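Only one structure is covered here, and it is reproduced in the block below.
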């Protein structure tokens, strides 16, 4: 596609500057630039559970969109982060059926939550990347990796995660499966992901 750049999801992190929000990090498929977008907690959860392949006990809004589209034989070709105005990103969901093609306006967070469900590629207008992307050199990448391993950027969280993993090892496989069902029922997807990983390690 002319004047667009393909992106991939690199990660999600909690946003310390805005309570209840997350930063979604997108990176060029072929390049060093990264595009950070601040999104809400619900959309972050919707993206995370699909990436982790956790099936909620009730369909979320974006699952409903996929089910609705599939039943009416619409497919998502790709999503496009099309514009940025006054610090706000805009996106389009590019769909088609056997009869017509449609562009649907959407927030980037919703568009990306839908894209991961359809396994659709994510593109960004070159002009948006020029304005909003951050270019990372190899030195920046090295500093970022060192920072993520250091005390100032989440060492406590990392130690907490390790202690949680250690405690999960004390449970039987049957108990872990029961806990996984309960976590999904309670819609505690972060805990469900940890439990699923422990179960997968044993299988």
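Residue numbers (the UniProt record's numbering): 1 to 203. We treat Cβ as the ideally placed atom computed from N, Cα and C, and that holds for glycine. None of the values given here were measured: they were computed from a predicted structure.
DSSP places residue 59 in no alpha helix (DSSP H); its state is neither H nor E. Here the region 167-180 makes contact with the region 192-201; the two share three or more CB pairs at distances below 8 Å. Just measuring C-alpha positions, the residue of 129, 103, 34 and 26 sitting nearest residue 47 is 26. Ranking 121, 36 and 42 by CA distance to the CA of residue 132 puts 36 first. Judged by their CB atoms, residue 184 and residue 56 are nearer to each other than the 9 Å cut-off. Of the candidates 69, 135 and 128, 128 places its Cα closest to the Cα of residue 86. Its Cα nearest to that of residue 101, the residue 77 stands out among 123, 126, 194 and 77. Between residue 12 and residue 44, the beta carbon gap of about 5 Å places them in contact (Cβ cut-off 8 Å).
Annotation: residue 61 to residue 29 spans about 28 Å, alpha carbon to alpha carbon. Within the DSSP bridge table, the entry for residue 125 names 4 as partners. Under the DSSP definition of a beta bridge, residue 89 partners with 84. Relative to the Cα of residue 112, the nearest Cα in the group 172, 97, 181 and 66 belongs to 66.
The C-beta distance from residue 24 to residue 109 rounds to 7 Å, short enough to meet the 8 Å contact threshold. Judged by DSSP secondary structure, residue 169 falls outside any alpha helix (DSSP H); it is assigned neither H nor E.
Under DSSP, residue 11 forms a beta bridge with 25. By the CB criterion at 9 Å, residue 93 and residue 103 fall inside the cutoff. Residue 50 sits buried, since 16 or more C-beta atoms from the chains shown fall within 10 Å of its C-beta.
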